[in-house]
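Positions -28 to -1, 1 to 384 (mature numbering (1 follows the signal peptide of the UniProt record, and there is no 0)) are the ones given, in order, by the sequence shown. Beta carbons are placed, not taken as given, at the ideal position from N, Cα and C, and that holds for glycine. Being a predicted model, the structure only gives us computed values, none of them experimental.
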Amino acid sequence: MMLPSRTALLSLFILSLLTGILPPTAVTATGSTASTTIGFTYSAAVDNSPPPEHVVTALQSLNIPAVRLLNPSPTLIRAFSYSNISLLLTVPNYLVGAFAANRTAATVWVYNNVLPFHPRARISLISVGSDVISSTGGPGISDPTTALVPAMQNLHHALIDLGIRTVSVSTTFSFINVITTAFPPSAAEFQEPVNSLVIRPVLEFLEETNSSLLMNVYPYNVYRLHGEIPISFALFQEGPFNFRDDVVTGVRYHNLFDMMVDAVIAAMAVSGYENVPLILTETGWPSNDEHMSAEESQMYAEKYLQGLISHLKSGLGTPLRKEGAAQAYIYQLFDDGPESNSKKNNLTSDGGETVHQYWGVMYHNMTMKYNIKFDNAHQISTMLGLLVPSIYSLWLLYHFFFCFAWSGLMID
């Protein structure tokens, strides 16, 4: 009897590995798209905020790779030197007018906040203002929208003039202020006239300079405005009827976050700039809500954040953009105090009163407010759970074929 050779048996052994003995999850996990980089928005202006050096140490211990600085200062930026944490700096809105009127103002800002620390501090991108189109005009400017693109251009040229070519320039918009609709995503466009006056020129600048569109995306806000949206759909929870279909594209959405991101992607495509990368500069869920108990609010915030992190790290992207957003920043690291005048932190209640909301994920003593995981440890343990029995099965298969061949040789 012609028995299979040892090489043939080994080939069969390897073939079995590729054709089903390993669970499909174990075989394909490494073939998924690279996951989105997850970072935090951090403002050192928060009262009782710990020293920046301590914050950097805490972020490193959590393996956080990126931080968006809302109020950058030389002292704050210096604290991130040699940390290997990527930084997204935000130019205050009140400086947009000065940047637009005079390149020297932009150059001075770069000279103070970038040049002394680059590249020891990994400054990757600078946002000229945040949600400028909804802000009031700063010094010397009546309409901030008219100054936005000139300010971005002057900052870009100031960086080039100082020999800094690896730092990109952009500006930040808020979904709720610029997108016409969240559903269906295929129907989304940028609102007029801001699209023609501001967003399209910004997108043209971003394409020319290989930069990214920055967008604040809050499913919480859309959920509050649309009572028909199930809370589970906003919190990445699975359920038999927890989906929405876009009949135009035939795409089925299983969470509100993907729906909103794809609405931005669709609006960019309508404007003719679908290939510009997208960075989500803010997303999060407050730990207090006037319509919920304290325990319920905090539970929902934890569910959203853990669902968000797991979804972004899955590498699945969104239906309209498989690579997903390049980066996503959770808002925010620490709670702002009641004295904060941010519209995001102060919500007008149904009764007309101002309710201060808390978005932080970490207490000022740098302990976590929520039980959430930022690394892939659970994914690794899952993979090991799949691989160990599979390897054992392979060993049995190999042992069976080897003994079969050996016994055949002995009979002959």
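Inset, instruction - Output the boundary residues of the alpha helix (DSSP H) element that contains threonine 181. - result: From DSSP, threonine 181 is part of no alpha helix (DSSP H); its letter is neither H nor E.
Legend entry - Option in Leu207, Gly222, Val194 with minimal Cα separation from glutamate 274: Leu207
Legend entry - Sub-8 Å separation of phenylalanine 177 and methionine 124 beta-carbons: yes
Inset, instruction - Drop a sphere of 10 angstroms on the beta-carbon of serine 184, count the other beta-carbons inside from all chains shown, and report buried for 16 or more, exposed for fewer. - result: buried
Inset, instruction - Identify, in the order they occur along the chain, each residue of the same chain with its Cβ nearer than 6 Å to the Cβ of aspartate 217, setting aside the five sequence neighbours on each side. - result: Arg224
Inset, instruction - Let me know if glutamine 329 comes out buried or exposed under the rule of 16 or more other beta-carbons within 10 Å of its beta-carbon. - result: buried
Inset, instruction - Work out the CA separation of valine 236 and threonine 153 for me, nearest whole Å. - result: 10 Å
Inset, instruction - Go through its chain and collect everything with a Cβ distance to asparagine 85's Cβ below 8 Å, but skip five positions before and after it. - result: Pro44, Ser45, Pro46, Ile49, Leu61
Inset, instruction - Tell me asparagine 188's beta-bridge partners as DSSP assigns them. - result: Ser146, Glu254
Legend entry - Span of the alpha helix (DSSP H) around leucine 305: That residue, leucine 305, is in no alpha helix (DSSP H); it is neither H nor E in DSSP.
Legend entry - Identity of the residues DSSP links to alanine 38 by a beta bridge: Gly11, Ser58
Inset, instruction - Take the Cβ of histidine 26 as the centre, count every other Cβ of all protein chains shown within 10 Å, and call the residue buried at 16 or more, exposed below. - result: exposed
Inset, instruction - Give the straight-line distance between the Cα atoms of proline 361 and glutamine 209, rounded to the nearest whole angstrom. - result: Low confidence applies here, because proline 361 scores a pLDDT of 39, under 50, leaving its location unreliable and the question unanswered by this model.
Inset, instruction - For the beta strand (DSSP E) holding serine 102, just list the boundary residues, first then last. - result: 94 to 102
Legend entry - Supposed contact pair threonine 117 and valine 150 - C-beta distance, whole angstroms, cut 8 Å: Between threonine 117 and valine 150 the Cβ distance is about 11 Å, and since that is not below 8 Å, they are no contact.
Inset, instruction - Evaluate proline 91 with the Cβ neighbour count: other Cβ atoms within 10 Å of its Cβ, from every protein chain shown; 16 or more gives buried, anything less gives exposed. - result: exposed
Legend entry - Assigned secondary structure, histidine 140 (DSSP; H/G/I helix, E/B strand, else coil): The sequence as given places serine at residue 140; histidine does not occur at that position. Looking at serine 140 - three-state DSSP - the assignment turns out to be strand.
Inset, instruction - Would you check if the region 129 to 148 and the region 184 to 201 touch, i.e. whether three or more CB-CB distances between them fall below 8 Å? - result: yes
Inset, instruction - Could you spell out where the beta strand (DSSP E) holding arginine 216 opens and where it closes? - result: 216 to 218
Legend entry - Delimiting residues of the alpha helix (DSSP H) encompassing valine 223: Taken as a continuous stretch (DSSP letters only), valine 223 belongs to no alpha helix (DSSP H), being part of the beta strand (DSSP E) at 223 to 225.
Legend entry - Rounded distance between the beta-carbons of phenylalanine 346 and isoleucine 10, thought under 8 Å: 7 Å
Inset, instruction - Go through its chain and collect everything with a Cβ distance to serine 130's Cβ below 7 Å, but skip five positions before and after it. - result: Here residue 130 is alanine; the residue named in the question, serine, does not match the sequence. Closer than 7 Å at Cβ, skipping near neighbours: Arg75, Ala78, Thr79, Val82.
Legend entry - Start and end residues, alpha helix (DSSP H) containing valine 233: 228 to 242
Inset, instruction - May I ask you to list the residues that DSSP assigns as paired with glutamine 299? - result: Thr9, Ile251
Legend entry - Proximity test, Cβ basis, 8 Å: phenylalanine 306 and chain C: Here there is only one protein chain, and chain C is not present.
Inset, instruction - Determine the contact status of alanine 238 and alanine 160, defining contact as a CB-CB distance below 8 Å. - result: yes
Inset, instruction - Give me whichever residues DSSP pairs with threonine 290 in a beta bridge. - result: Arg293
Inset, instruction - Could you tell me the distance, in whole angstroms, from the CA atom of threonine 143 to the CA atom of serine 102? - result: 6 Å
Inset, instruction - Buried or exposed for glycine 332, please, with buried defined as at least 16 other CB atoms from any protein chain shown within 10 angstroms of its CB. - result: buried
Legend entry - isoleucine 201 (DSSP reduced to helix, strand or coil): coil
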